[in-house]
Amino acid sequence: MATSLHQQKKKRALLKLPGSQHKKNDDVDEESRMAAKNGDYMEKQYKRENEAKIDALADAVSSIKQMSRNTGRQLEEEKQVQKELDTGFGKGKQMVTSVVSSMDTMLNQ
């Protein structure tokens, strides 16, 4: 028994309580479209924010990497200066020892 479209509408109207606010299918469809649009917008917004955060993180990692390289170079330079100072102090010690030895020899003659 097929019911006509008119009868289906009557049944739907009877199910609605007076004073209640039922939305038409068009309203529901429009809300669904708006929600989908908002969802797409929010998803795009989240993607943009995530991409910005990823870019900022990549910049920070790059900066840290550069600082690490600079620190490594500076340590190598300081190590070289330390070796030069050590060599200089070693030569100075030899000279002082030689002078003291020469003075001791002169004083004991």
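Take the sequence shown: its position 59, counted from the start at 1, is 58 in numbering that gives the first Met the number 0, and no numbers get skipped.
Just so it is clear, CB atoms sit at the ideal spot from N, CA and C, and this is done for glycine as well.
Residue i versus residue j: straight-line alpha-carbon distance, rounded
i, j, result
"residue 66", "residue 57", "14 Å"
"residue 64", "residue 70", "10 Å"
"residue 29", "residue 62", "49 Å"
"residue 31", "residue 52", "31 Å"
"residue 73", "residue 91", "27 Å"
"residue 103", "residue 88", "22 Å"
"residue 93", "residue 79", "21 Å"
"residue 86", "residue 99", "20 Å"
"residue 84", "residue 95", "16 Å"
"residue 55", "residue 47", "12 Å"
Own chain residues within Cβ distance below 7 Å of residue i, not counting five before or after
i, result
"residue 106", "none"
"residue 97", "none"
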